[in-house]
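Enquirer: Protein chains in written order, with my numbering: chain E, 1 to 318; chain D, 319 to 636.
Every residue, glycine too, gets a C-beta built ideally from N, C-alpha and C.
Model, not experiment: these values are computed from the prediction.
Encoded as structure tokens, here's the structure I'll be asking about.
There are 2 protein chains.
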Amino acid sequence: MASEFSIIEKYFKPISVINSTNVGIGDDGAVISLPKNKQLVIVTDTSICGVHFPKKTPPFAIGWKSLAVNLSDLAAMGADPAFFSLALSLPAELNNEQWLTAFSTGIKTLADKYKVCLVGGDTTKSTVLSITITAHGWVSENTAILRSTAKAGNLIFVSGNIGDGGGGLKGIESCLDKLNTPEPRVKLGLNLLGLATSAIDISDGLLSDLKHILKASKVSARINYDVLPMSVSIKNYIQQTEQYCFPLTCGDDYELCFTIAQEKLAEITAIEKLTAVSLTCIGEVVTGESANIDITSNNAVIQNKLDSCKFAGFKHFF
Amino acid sequence: MASEFSIIEKYFKPISVINSTNVGIGDDGAVISLPKNKQLVIVTDTSICGVHFPKKTPPFAIGWKSLAVNLSDLAAMGADPAFFSLALSLPAELNNEQWLTAFSTGIKTLADKYKVCLVGGDTTKSTVLSITITAHGWVSENTAILRSTAKAGNLIFVSGNIGDGGGGLKGIESCLDKLNTPEPRVKLGLNLLGLATSAIDISDGLLSDLKHILKASKVSARINYDVLPMSVSIKNYIQQTEQYCFPLTCGDDYELCFTIAQEKLAEITAIEKLTAVSLTCIGEVVTGESANIDITSNNAVIQNKLDSCKFAGFKHFF
């Protein structure tokens, strides 16, 4: 079994590539030089075995996803990801070369892709595997995309498909990659700067997360169920189970939901090409401070059919 | 039982006092404006129930100490603490008003004292109570106190007393406050800027942490056992148990160990007055890349008497 210091030296220092003006792993803290005319964006997400991912999740995927969920939050702010700290609580039975190599490779593969570096953290023993990452990015001053600035009349978009993350949890084979190694929409977030009036990632489920935007912006929304983007697998799952709200509430999708002014609609096609991510207009923001969401199908409100939704989303306590 | 969002709203938003140019709790991430000519210092420490603090620790102390251990790391860098994120993994049996109030008050009391604010985080359920804080501070460019810059001939100092943290763990009544609500040496760290050639906090034990400085700086040290600062309780404990190395290795002391050039010795008295913290010269840095520590008593090396030390320190895995 490796000591805390040898784990850091062997598995985590290689993820820490930092330029000479900065100090990274190996001191009490990291020292980071600041770019001019930028603001710092900070996000934190904890992933616990058995709560946020199933026990059988491969260690590569645990590493990848622990970082991906944080980069997804940075993307929702329009931030350019830069560096992160990693707090790893490790049960004794996972303190072995095989597990640590796969886990750290999962983090490193995604970190390299988005050029973010590990600057520090803490490795401790625990009875439960738990990973907390605090990720940091930069935005130009006063450009961060917030939740509180959606306006009535804005169009509501969602990237990619919804429901695949939940489909993976249900064991649908074709959804497993989306569940285990989701792609954070970093490039999309950067391209939404100056365009989106609000954004959020839909990790807790589309309805639950859209509601955060509506509450913060003091508006309501109308969503067209018929145009919701779903994979064939999820459409089949709904047909078989009649769980119509599944993709709206299942969570574990790392797509962005965002709003834009109607007159900006023409810009969407260019962003789709640039990012290679499909963007679907699923409805519009309407007046009404109650943060209500009406869901329509064939131009009629179908709330009844969706009663079981109850805007549940993923919640940790009840 | 409260939901994640109501816990954040009720207990953690009050710790989040942030000025109008910044965005704090309630969006995907926090947005922080950057001061000019500064660098950002980032530290991360995880505290797990049963590993880093005993199960019977009062929740006020758990909150206080979780933040204190992070501020102590910032102090060791000479950083001015500014803000932090909090990842709380909470077992269901602690999700109640009494526990959450005491825990959040512990954090808030210390946060208010050092004017640091909570900018975000993540609250999740778990079977094990675990708190990860990532704390951020500012230093003027290229002034952070590192571990790697101690020089042979430098004097080695330690603040306060050593051994009280470990004494608290042994149940010594007069040491419990030092164990449960340690005072991070923030003001001392700030006053060491431009003076100390290296610094570290001795949370893992004086010998273990001093060794980190020696390794990083490629030097060795000679320590005078006879002058080590200890409380009467710890002196009595040593006399009764003959565990001479206890205060050197017990850990859980949140004092600073630092080095200064000999010609700067006169400045120490002024800093003691300014910070109201006693500073003791316990030895000196000597040449030798092996990071060896000789411990002397009555001018003789007494390694034999201290054999049981083995520079153990607090380690998570063996």
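If you check the beta carbons only, do E/G29 and D/I520 fall under 8 Å apart?
Expert: no
Enquirer: Please list the partners that E/G205 has in chain D, where partner means a Cβ-to-Cβ separation under 7 Å.
Expert: Near E/G205 there are no residues of chain D at all, since even the closest Cβ is about 14 Å away, more than 7 Å.
Enquirer: Fully enclosed by the stretch 34-91 of chain E, which alpha helix (DSSP H) runs are 4 residues long or longer?
Expert: Those alpha helix (DSSP H) runs which fall completely within the stretch 34-91 of chain E and span 4+ residues are 59-76.
Enquirer: Looking at chain D, which residues of the stretch 29-51 of chain E have a Cβ within less than 7 Å of any of its Cβ atoms?
Expert: G29, A30, V31, I32, S33, L34, K38, Q39, L40, V41, I42, V43, T44, D45, T46, I48 and V51
Enquirer: DSSP state of D/L510, grouped into three classes?
Expert: Helix at D/L510.
Enquirer: In three-state DSSP terms, what is D/S334?
Expert: coil
Enquirer: Between D/S608 and chain E, is any beta-carbon pair separated by less than 8 Å?
Expert: no
Enquirer: Tell me whether the stretch 219-230 of chain E and the stretch 109-121 of chain E touch, counting them as touching only if at least three CB pairs, one residue from each stretch, are closer than 8 Å.
Expert: The answer is no - the stretch 109-121 of chain E does not touch the stretch 219-230 of chain E, with fewer than three Cβ pairs under 8 Å.
Enquirer: Within 8 Å (strictly less), CB to CB, does E/R185 reach chain D?
Expert: no
Enquirer: Can you give me the C-alpha to C-alpha distance between D/Q557 and D/L447, rounded to a whole angstrom?
Expert: 36 Å
Enquirer: Can you tell me whether DSSP reads D/D522 as helix, strand or coil?
Expert: coil
Enquirer: Using only the alpha-carbon positions, how far apart do E/K187 and D/E602 sit?
Expert: 53 Å
Enquirer: Thinking C-alpha only, which one of D/K496, D/N414, D/G507 and D/S516 is nearest D/G471?
Expert: Of D/K496, D/N414, D/G507 and D/S516, the residue nearest in Cα terms is D/S516.
Enquirer: By the 10 Å Cβ neighbour count, where 16 or more other Cβ atoms means buried, how is E/S33 classified, buried or exposed?
Expert: Classification of E/S33: exposed, given that the 10 Å Cβ count is below 16.
Enquirer: In the DSSP assignment, what residue or residues form a beta bridge with D/A453?
Expert: According to DSSP, D/A453 bridges with D/V361 and D/F402.
Enquirer: Less than 8 Å between the beta carbons of D/I425 and D/L385, yes or no?
Expert: For D/I425 and D/L385, yes; Cβs fall inside 8 Å.
Enquirer: Quick one: give me the first and last residue of the beta strand (DSSP E) that E/A102 is part of.
Expert: Here E/A102 belongs to no beta strand (DSSP E); instead the alpha helix (DSSP H) covers E97 to K113.
Enquirer: Nearest chain E C-beta to D/A405 closer than 8 Å, yes or no?
Expert: yes
Enquirer: With H, G and I counted as helix, E and B as strand and the rest as coil, what does DSSP make of D/S324?
Expert: helix
Enquirer: Which residues in chain D sit within 9 Å of E/I200, going by Cβ to Cβ distance?
Expert: Result: D345 and D346.
Enquirer: Taking only beta-carbon positions, decide if D/G438 is within less than 8 Å of chain E.
Expert: yes
Enquirer: Rounding to the nearest angstrom, what Cα-Cα distance links E/D204 and E/A82 in this structure?
Expert: The alpha-carbon atoms of E/D204 and E/A82 are separated by roughly 24 Å.
Enquirer: Along chain D, in chain order, which residues have C-beta atoms closer than 8 Å to that of E/S104?
Expert: Within 8 Å Cβ-Cβ: nothing; E/S104 doesn't reach chain D, min ~16 Å.
Enquirer: Suppose contacts are defined by Cβ-Cβ distances below 8 Å. Is E/A216 in contact with E/V286 by that definition?
Expert: no
Enquirer: Considering only the beta carbon of each residue, do D/L404 and D/I366 sit closer than 8 Å?
Expert: No, Cβ-Cβ distance for D/L404 and D/I366 is not below 8 Å.
Enquirer: Return helix, strand or coil for E/C281, following the three-state DSSP convention.
Expert: strand
Enquirer: With a Cβ-Cβ cutoff of 8 Å, do D/K383 and D/T499 count as a contact?
Expert: yes
Enquirer: I want to see whether chain E comes within less than 8 Å of D/A400, judged by CB atoms only; does it?
Expert: no
Enquirer: So which of E/A196, E/Y237 and E/A111 has the shortest CA-CA distance to E/D164?
Expert: E/Y237
Enquirer: Verify whether the separation of the beta carbon atoms of E/K218 and E/E289 is less than 8 Å.
Expert: yes
Enquirer: Quick check on the DSSP output: the alpha helix (DSSP H) that includes E/G167 runs from which residue to which?
Expert: D164 to L169
Enquirer: Against chain D, does E/V128 count as a neighbour if the rule is that its beta carbon must be under 8 Å from one of theirs?
Expert: True, the Cβ-Cβ gap to chain D drops below 8 Å.
Enquirer: Is the CB of E/L67 under 8 Å away from at least one CB in chain D?
Expert: Chain D places no beta carbon closer than 8 Å to that of E/L67, leaving this residue out of the contacts.
Enquirer: Cutting at 6 Å between CB atoms, please list the residues of its own chain near D/R503, excluding the five before and the five after it.
Expert: A393, S477 and L574
Enquirer: To be precise: take each residue of the stretch 554-583 of chain D, compare its Cβ to all Cβ atoms of chain E, and keep it if any distance is under 9 Å. Which residues remain?
Expert: Interface annotation for the stretch 554-583 of chain D against chain E: empty, criterion Cβ-Cβ distance under 9 Å.
Enquirer: When the cut-off is 8 Å and only beta carbons count, does E/I15 lie next to chain D?
Expert: Not closer than 8 Å to any Cβ of chain D, the Cβ of E/I15 fails to qualify, so no.
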